[in-house]
Amino acid sequence: MCIAKCYVMLAPEKNSDRGGSMKKKLAAGIIALLLLSTGIVWAQNSADPFAANHRKGSQSIEISPGGFLPLFVLDSNFAVISSPNMSPGAAFSVLYRYMLGKNLGIGGSIAGSFVTTVGGRTLFLAPVCLSSTYVFGTDPMEFDISTEIGMNVMRLSGNGIISPIAKLGGGISRYISESWSIGGKLMWWFVPEIHLGSYANLDSYANFLEFSIGAQYHF
Amino acid sequence: MDILLFDKKLDKVHADGSANESAKQKNAAISRKGSSNAGLHAALALTLLVLFAGCDNSFSIFKSISQETKQVGVDLFKNVTVRAMANDTANYYALLGQVVWRPIDGSAPWNVLSVNGSTDYFAAGLASDGTNVFVAKADSNNVLKDIYWTSDSGRTWTAMNAAASIGSSAAVDWLKYVNGTLFVASHASGVYSLCYYDGSAFKSTGISNISRPLIDIVWDGSEYWAISDSNAYHGAAGAMAEDTTPAIPQGLLGLATDSAGRVLISRSDGLVYSHQSGVWASPITIKASTKLGPLFLLTQPASAKTILVGKGIATYGYYEYDETGTGVLKENGSNYLSTSSSVYLSTMLSKHIIGFWQPSNNANILYVMLAAGGTDSYALYKDTFDPAANNGAGAWSGWTAE
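Residue numbers (my numbering), protein chains in the order written: chain X, 1089 to 1307; chain D, 563 to 964.
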C-alpha cells in the first residue's frame, strides 16, 4: 500500500505504465527462475540422466540374439587342430545384472548356441555362468566389459559333455529411455572339453566368438 | 462380573484359537515351502543326474568333429528311403519310389530307369540275379500292375503276367532273387503271402494269407528260410512251413545266412538266433533287451567274423558284433566299417537301416540302405574294402555318400 503510494507520488502520470513494467519484470523473473531451475535439472540430467541405473541395487535383464563363430580348437597338447570342421551358427543369451556401485555389476547368464559341422551334425552348447561387469560411458552411450565363468552342457549326436566355460567380452549400448537400452556385444567363449583318467588325451579347447545385438531392461 | 470374566476367558480362548490357527497356517506354509524347496532340490538333482548320466568320458566332441569328412552325395538320395538294390554285369540299381541306376564304372550319374518304355511309374520291388533285373510296377494305390524283367540293362523288358497269379488287387512288399528263384512278398485285404516264380507262373511257397508282414528270405544251401515279423518258415520253394523256435510276436527283424549254411535271425529282445545243420544253437546276445534290426554277415576281412546288426531305435544306425571268442560288441562305428566314429555318426545317426547290400560280383563293396526322410541327408552310402591296406590285412574305407 505504502509502496504503491510512493510510486504514485513519484510519477503519477505513468502509474499504469510502471505497474505494467513491474509485472513484466516479475513475469520475466519468474520465467528466468523457471528456466534456471529447468536448466539446472537438465544440466543434472545431462551429467548422468540414467544415474538411477548405476546405483547400488539397480538391476537389469539383457536379451541378446546373435551369431556364433567357431574360431579354432586346440588339442590336448595345445596345438591347433587344423580342421575344426565347424560352420558359423547362432547364439542366444539372457543376462541378469545387479549393480554393486556406479560401475560394477555382478549377475548371471544363461545361453544357448549351436554350430553345424561339415558332416551335417549340429553341436549345441548351453552354458550357465556367473558374470561380473564393469560399466562406463557418458550419456547416452554406455560401454561394458564383462567376464563370465560357469558350466557348459554340450550335445553332439546324442553324446553329451558337461564342461567349464569362460567368456570375456564387451559391448556398447545406447539408452533409448530410462528403462531401456539397446546395443551390441562381442564375447569370446573359451570352452575346454575335459576328460578324466585315461581319456585325458581327448582334452581339447575350443574357442568361439559370439556377436549379438541386445535389448536391456533396467529396473 | 463372572459373565465378564467368562467373556474375557472366551475371548482369550478365541484369541488362542486364532493364534493356534495362525500358527497352523504358518506351519502349513512353512511345510509347503519346505516341500516346495525339497521338490526344487529333487528336480535340480534329477536334472544334474540326467545331465551327468548323459556324459560319456570316452567321447570327445571336438575330436569327433575334427575327424568328420564332408559328405557330398547325389540329390536323388537325399531325404528318401532306399528300399532295395540290385546289379547286373554293368550297372547298379536302387529302389526308391522308382528305380534309379548308374553304370558300375561311374561313367554316368544316377538316373531314373525306364521300365517297359516309361519313367512315369511307381516301383514296388527290385531284385536281380547278377544278370537279369526284375522290377515290380504298381499303380498309384500300390496295386501290382506287373513284374518285368530285363537281361540287357533295361533296353528291352518282358512282362511276367504276375497280377494274374498273385492277384489283381495285391500290393507287392518286396522282390528277392534267391538261389535262382524269384520270390514276391505281397499283401491284400490285410493278409500276407509269399510266392515264387517257377519259370512259367507265380506259385505259393506255402506261406499264404498269414496275418503278419513278411521280412526277408534266404537260402542256406539246402532249403529256403523266410521270416515274417513274428515267425520263421523254412523248406523247399513250394513247401515252406512254420518253425516254432525263434518265434516272438512282432519281434523278428532280420534274417541272414552265410556260405556255411548258418541262418541267423535277429529279434526285438536283443538276441540273434542261429540255426545250422538242423540245430538251433544258443542265441547270441547282441545287446540284452534291445530291439535289433536287419542282419548282414560281413565276409571281409576274411579273418574276421563280423555280424552287422541294425538298431531297432536308440538313434538307429547299426552294431558291429565280432563273433570271435566270446564276442565283442562295437557301437557307434568304433570298428571295422567306419574309419572313425565321427564318420559313422555323421552318416548313420537318426537313420533307420533298411539293409546292407553287396553286389553279386564284388565282395569288396558294401552299401547301406537307409530311411533318410526328414534328415536332410543321404539314404545310400558305400564302403569299399581295400585288401592291401593295413599291411595286407585289409581295411574298409569308411562310409561315403553315393
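Backbone N, C-alpha and C define an ideal beta-carbon position, used for all residues, glycine too.
Under 8 Å between C-beta atoms of residue i and residue j
i       : j       : result
I1301/X : G1257/X : no
D782/D  : Y795/D  : no
R829/D  : L854/D  : yes
D921/D  : N741/D  : The amino acid occupying residue 921/D in the given sequence is Pro; Asp does not appear at that position. Not a contact, by the Cβ cut-off of 8 Å.
S912/D  : Y878/D  : yes
I915/D  : Y880/D  : yes
L1284/X : N894/D  : no
Y710/D  : V662/D  : no
P1176/X : F1202/X : no
D945/D  : L899/D  : yes
A957/D  : Q633/D  : no
A1254/X : I1237/X : yes
A685/D  : K707/D  : no
R645/D  : M931/D  : yes
Below-8 Å beta-carbon distance, residue i vs any chain D residue
i       : result
L1290/X : yes
T1205/X : yes
N1240/X : no
R1208/X : In the sequence as displayed, the identity of residue 1208/X is Gly instead of Arg. It does: the Cβ of G1208/X has a partner Cβ on chain D nearer than 8 Å.
V1161/X : yes
L1192/X : no
N1165/X : no
A1254/X : no
A1199/X : no
A1178/X : no
A1294/X : yes
L1188/X : no
E1041/X : Nothing in the structure corresponds to residue 1041/X, since chain X is present only between 1089 and 1307.
Y1263/X : no
P1215/X : no
I1260/X : no
L1218/X : no
S1171/X : yes
L1297/X : no
Short CB-CB distance (under 8 Å) between residue i and chain X
i      : result
L826/D : no
F624/D : yes
I915/D : no
D618/D : yes
R774/D : no
E893/D : no
T561/D : Any answer about residue 561/D is impossible in this case: the structure gives chain D only from 563 up to 964.
K873/D : no
E964/D : no
K632/D : yes
D564/D : Residue placement at D564/D is poorly supported in this model, since its pLDDT is 42, which falls under 50; the coordinates still yield a value, given next. No, its Cβ sits nowhere closer than 8 Å to a Cβ of chain X.
L911/D : yes
S628/D : yes
D945/D : no
Contacts that residue i makes with chain A (C-beta to C-beta distance below 7 Å)
i      : result
F621/D : Checking the listed chains, one finds no chain A in this structure; the protein chains it contains are X and D.
According to DSSP, residues forming a beta bridge with residue i
i       : result
A925/D  : According to DSSP, A925/D bridges with nothing at all.
K640/D  : Y940/D
K966/D  : Residue numbering for chain D in the displayed model covers 563 to 964; residue 966/D lies beyond these limits and cannot be assessed.
F1224/X : F1231/X
V1168/X : L1162/X
S766/D  : C757/D
S1201/X : A1179/X and L1213/X
W736/D  : A747/D
Q838/D  : V841/D
N1049/D : Missing from the structure shown is residue 1049/D; chain D here goes from 563 to 964 and no further.
N1240/X : P1215/X and S1251/X
Y868/D  : For the record, residue 868/D in the displayed sequence is Thr; it is not Tyr. Answer is L860/D and D884/D, bridged to T868/D.
H796/D  : W787/D and A803/D
G1189/X : Per DSSP, none; premise fails for G1189/X.
Any non-hydrogen atom of the ligand HEM closer than 7 Å to residue i Cβ
i       : result
Q1304/X : The ligand HEM is not part of this structure, which contains no ligands at all.
For residue j and residue i, believed in contact at Cβ under 8 Å, the rounded distance
i       : j       : result
P775/D  : D791/D  : 6 Å
L1211/X : I627/D  : 7 Å
I1233/X : V1182/X : Incorrect: roughly 19 Å between the Cβ atoms, too far for contact.
I777/D  : L814/D  : 6 Å
F624/D  : E1281/X : 6 Å
S622/D  : S1170/X : Not confirmed; about 16 Å, so no contact.
F918/D  : Y906/D  : In fact, because the Cβ distance is near 14 Å, the residues do not count as touching under 8 Å.
G816/D  : V871/D  : 7 Å
L737/D  : F696/D  : 6 Å
- Touch check for the stretch 1239–1254 of chain X and the stretch 1264–1271 of chain X: three-plus C-beta pairs under 8 Å? By the criterion of at least three beta-carbon pairs nearer than 8 Å, the stretch 1239–1254 of chain X is not in contact with the stretch 1264–1271 of chain X.
- Item | Three-pair Cβ contact test at 8 Å for the stretch 1187–1197 of chain X versus the stretch 1155–1166 of chain X | Not touching, per the Cβ criterion.
- Task: Decide yes or no for the touch test of the stretch 920–938 of chain D against the stretch 629–642 of chain D: beta carbon pairs closer than 8 Å, at least 3 of them.
- Result: Touching, yes, given that three or more Cβ pairs across the two stretches are closer than 8 Å.
- Message: Does the structure place the stretch 755–773 of chain D close enough to the stretch 727–747 of chain D that three or more beta carbon pairs sit under 8 Å?
- Response: Yes, since at least three Cβ pairs between the stretch 727–747 of chain D and the stretch 755–773 of chain D fall closer than 8 Å, the two stretches touch.
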